[in-house]
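Engineer: As you go down the protein sequences, you meet chains A and B in turn. Residue 883 is where the first sequence starts when you use the numbering used here, and the numbers rise one by one after that. Residue 883 is where the second sequence starts when you use the numbering used here, and the numbers rise one by one after that. Just so you know, even glycine gets a beta-carbon here, dropped at the ideal spot from N, CA and C. Dropping the structure in here first, questions after.
Number of protein chains: 2
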Amino acid sequence: MNVAVTFARHRNRPVETMKTYCVDKSNALYARAKSVIPGGIFGHYGGSVRDGGPKFFSRSEGAHFWDVDGNEYIDYMCAFGPMILGYNHPVVDEAVRAQQRLGHAVSLASPVMVELAERLVEQVTAADWALFGKNGTDATGLAVMIARAATGREKIVRVAGGYHGVAAWMRAGSAGAIPADSAAVLTVAWNDADAFERLINEHGNTIACFIASPYHHPALADSELPANGYWQRIEALCRANGIVLILDDVRAGFRVHLAGSNRAFGFTPDMICFGKAIANGHPLSALVGADALKQTASEVFYTGTQFYSGAPMAAAIATLDELRKFDAIGRMNALGAKLNSGLIDVAKTHGYELIASGVPAMPYYRLANVPRTTHFAWIDECVKRGVYLLGYHNHFLSTAHTEADIKHTLNVADAAFGAVEKPA
Amino acid sequence: MNVAVTFARHRNRPVETMKTYCVDKSNALYARAKSVIPGGIFGHYGGSVRDGGPKFFSRSEGAHFWDVDGNEYIDYMCAFGPMILGYNHPVVDEAVRAQQRLGHAVSLASPVMVELAERLVEQVTAADWALFGKNGTDATGLAVMIARAATGREKIVRVAGGYHGVAAWMRAGSAGAIPADSAAVLTVAWNDADAFERLINEHGNTIACFIASPYHHPALADSELPANGYWQRIEALCRANGIVLILDDVRAGFRVHLAGSNRAFGFTPDMICFGKAIANGHPLSALVGADALKQTASEVFYTGTQFYSGAPMAAAIATLDELRKFDAIGRMNALGAKLNSGLIDVAKTHGYELIASGVPAMPYYRLANVPRTTHFAWIDECVKRGVYLLGYHNHFLSTAHTEADIKHTLNVADAAFGAVEKPA
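Now the structure itself:
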């Protein structure tokens, strides 16, 4: 496999918990954080904090990062997705520095915005145009507004348990949300096209859009791939009823298919939301769509101070270039498949059944038939041994992960199982 | 005046329209843009496009940028505010590069997040805590959610014509918005505390928050400073009625007072939204607030893929450091005052009355008693001569602007008035 860039290989580390493993510096910094930041660490990063685990990184390289106590980790979270080519990728970062030398936010747009839009239109099958933001929420929020403007309808259909960011319509029941924010949002179960058809029959011509990720990757539950024919029925129902089909490819984008994850599942959305991996960790999101929505998209005012900076756009072009230089999708998924089967085997030797779900490049792990505390205990033991996993979220492979990383991870997982107290 | 960093001085340029002035490359790129981006250039950058004007920059330095045709401009838009120390400020950008060498988006937060939160709490009078986002919309959206969660009330009071980003509650009447988005939003006229009191009497204990900028700086209209006693009455009404007082300091922040623009107007908000200038063009926004709201702030889930990157936070610390090294506020406002009085004088010699409103560091210009087309024609003639102004928005001074820039600008303005056809 022709991997364009080779990162420095990590040192061999002992599999057993190092005598020196401690997170004292993380904990001290976390205490300081709590005095000046609500919750200490907020948002989804706050949700990943574990008592005995690391809280702050000090540096990162390739598929690895180091915490502030100096512990090194093979990272299977990839910053929750953005890192896809390896941390501090030299080609991407040089593209960023070159653009930054020209300017950051400037009073006019940068030519690189046009180049990136052209690139996305060329690469992403469903894209005739592109708009840019910073976070996935910017793209999903804009997508539903365009759908509402295009159809003159208000209702949004989404999949129960799906996550499309923190825009008001996504916040039903959360602190700070009001009922009106999501009064026009309907939910259906994943893989249930019949339920979608029933909703259409019930709500007539009031549904503006259907939005879902290419496959179901909720938190705290197994990922679920689309059933045979599911997306084709969803697409047909949308077409027959004038409903805009929005693919939220923020999380899975560029780990399933470089031309849009829909290509792997045989359907064509009207708009696709991209974010996370699009610029290998530089802040960018994008909404792309079909010509039929272009005029409407130009009429929906949506903007942000930081939407126009060229450097993250240059990072995106470099990232997309690098991903095309070899079979990046194949590599990440092959590594993920090897990790999955290895972990399943290791678990079995300790009497556990490990379930790996989702696409192999984004595996969600669950120990079956044990209390959730046992699953988290195993995750914690892996983290202590230098393999960074989370207990409640899908993981991510990158092209910087190596066979050696996988092999070491399996040894760590084995030792971690040995350290977990077996449930009665 | 001890200015820490001196940028390369621009070359002396002729005041008359250069024979070579053309925007052919901008126009060609704009045509390409239109084929792949709805509207060609979207959002507020799209709104600033003028037929004969530049559309894309090629590089920037200090208070100047160059368009893709090679035309140089003294820039009084400062990227709509973010640029405050000069483009490509060496100290800020080195802080960015140093943090970027450690990592971009990584699976854990960066220690610099804690350092920046501590710094804001130390520097900003009303701040006991800080949270971070990318754009002003992230901060204003989070602020109103915290206010709703803290009060258990739904209604938001804002000032008519004020701008607080593109969150759903701000979008009344715009394409893609639905009535429910802003059904709980009430508006009052600027500087009308009586109207706010009437709203309170009318709506009882249903008002969660009052949100406004420190002074009124709408688009397409003169800026208005607070009347004597206005903010004190607003603050007293909020306190007496359990209404959360939110200051949207995204646009004016760090050009009025380094400890929060409220300090210049003698009041204390419960939360302040910062963005734009906080990191000299690197993508960051912040919400800071009082201890009384800290617990609630920790309960409102708000997040984004790109919220945790250290580099823009390092940029913010460096920017705040630089702004404290000398009297930055005094310098920007003194330069703005000189520009204002000079432009007023120049206008008078051509028989025009030029109105300059707002704080001097953020002047809004309007030619009185002439059609708007005449005002725009004068702006266009200034742009052609290398002074970048907009006809419908306040401008921004930076610490990188020089007395020479001001002097040259006045000469350009004079020539521009001479080139404008006098209205009958």
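1) Excluding five sequence neighbours on each side, which residues of the same chain lie with their C-beta closer than 6 Å to the C-beta of Tyr903(A)?
2) List the residues of chain B whose Cβ lies closer than 8 Å to the Cβ of Ile914(A), in chain order.
3) Using alpha carbons as the reference points, say which of Ile1288(A), Val1126(A), His1139(A), Pro1096(A) lies closest to Ile1038(A).
4) Which residue comes first and which comes last in the beta strand (DSSP E) that contains Lys1037(A)?
5) Would a C-beta distance cut-off of 8 Å place His1232(A) and Gly1300(A) closer than the cut-off?
6) Trp948(A) bridges to which residues according to DSSP?
7) Give the DSSP-derived three-state secondary structure of Thr1291(B) in the structure shown.
8) Mapping the DSSP letters down to three states, classify Val897(B) as helix, strand or coil.
9) So, for Asp957(A): in the same chain, excluding its five sequence neighbours on each side, which residues have a beta-carbon less than 7 Å away from its beta-carbon?
10) Can the beta-carbon of Leu1217(B) be found closer than 8 Å to that of His1283(B)?
11) So, is the C-beta of Ala1141(A) closer than 8 Å to a C-beta in chain B?
12) Between the alpha carbons of Ser1191(B) and Lys1016(A), how many angstroms are there, rounded?
13) Using 8 Å as the threshold, is the C-beta distance between Val988(B) and Phe1278(A) below it?
14) Report the residues of the region 1148 to 1160 of chain B with a CB closer than 8 Å to any CB of chain A, ordered along the chain.
15) My output table needs one value for Ser1167(A): the three-state DSSP class, helix, strand or coil.
16) Is Leu1127(B) close to chain A, meaning its C-beta is less than 8 Å from at least one C-beta of that chain?
17) By DSSP's criteria, Tyr1246(B) is part of a beta bridge. Which residues make up the other side?
18) State yes or no: is the beta carbon of His892(A) nearer than 8 Å to at least one beta carbon in chain B?
19) Is Gly1171(B) closer than 8 Å to Val1182(A) when the C-beta atoms are compared?
20) I need the boundaries of the alpha helix (DSSP H) containing Ala1193(B), first residue and last residue.
21) Using a Cβ-Cβ cut-off of 8 Å, state whether Trp1011(A) counts as contacting chain B.
22) Measure the C-alpha to C-alpha separation of Ala999(A) and Lys916(B) and round it to an integer number of angstroms.
23) Along chain A, which residues have their Cβ under 7 Å away from the Cβ of Lys1176(B)?
24) Please determine, among Asn1215(B), Gly1157(B), Ile1028(B), Met1195(B), the residue with the shortest C-alpha to C-alpha distance to Ser992(B).
25) Kindly indicate if chain A contains any beta-carbon less than 8 Å away from that of Leu1202(B).
26) Rounded C-beta distance between Val1225(B) and Leu1272(B)? I'm assuming under 8 Å.
27) Please state if the CB of Phe1156(B) and the CB of Gly1135(B) are separated by a distance shorter than 8 Å.
28) If you run the structure through DSSP and keep just helix, strand and coil, what is Phe1014(A)?
29) Within 8 Å of any Cβ in chain A, is that where the Cβ of Asp1287(B) sits?
30) Give, in chain order, every residue of the region 969 to 994 of chain A whose Cβ lies closer than 8 Å to some Cβ of chain B.
31) Taking the DSSP output, what are the residues bridged to His1098(A)?
32) Evaluate Leu1024(B) with the Cβ neighbour count: other Cβ atoms within 10 Å of its Cβ, from every protein chain shown; 16 or more gives buried, anything less gives exposed.
33) Identify each residue in the region 1022 to 1043 of chain A for which the Cβ-Cβ distance to at least one residue of chain B is less than 7 Å, and report them in chain order.
34) Is there a Cβ from chain B that is less than 8 Å from the Cβ of Val1294(A)?
35) Does DSSP put Ala890(A) in a helix, a strand or coil?
36) With Ile1154(B) as the anchor, note down where its beta strand (DSSP E) starts and where it stops.
Structural biologist: With the structure as the only source:
1) Lys1266
2) The displayed chain sequence assigns Arg, not Ile, to residue 914(A). Going along chain B in sequence order, the residues near Arg914(A) (Cβ under 8 Å) are Val996, Glu1000.
3) Val1126(A)
4) 1037 to 1041
5) yes
6) Arg941(A), Glu954(A)
7) helix
8) coil
9) Ala945, His946, Phe947, Tyr1270
10) yes
11) no
12) 12 Å
13) no
14) Gly1157, Lys1158
15) strand
16) no
17) Ser1239(B)
18) Bear in mind that a pLDDT of 48 at His892(A), under 50, signals an unreliable position, so the number given afterwards is only what the model happens to contain. No, no contact with chain B.
19) no
20) 1192 to 1206
21) yes
22) 10 Å
23) Pro920
24) Met1195(B)
25) no
26) Correcting the residue identity first, residue 1225(B) is Leu in this sequence and not Val. Actually they do not touch by this definition, with Cβ atoms about 14 Å apart.
27) yes
28) strand
29) no
30) Tyr969, Asn970, Asp975, Val978, Arg979, Gln982, Arg983, Leu984, Gly985, His986, Ala987, Val988, Ser989, Leu990, Ala991, Ser992, Pro993
31) Glu1106(A)
32) buried
33) Met1027, Ile1028, Arg1030, Ala1031, Glu1036
34) no
35) Reliability fails at Ala890(A), whose pLDDT of 45 lies under 50, so the model's placement of it is uncertain and no value is given.
36) 1153 to 1156
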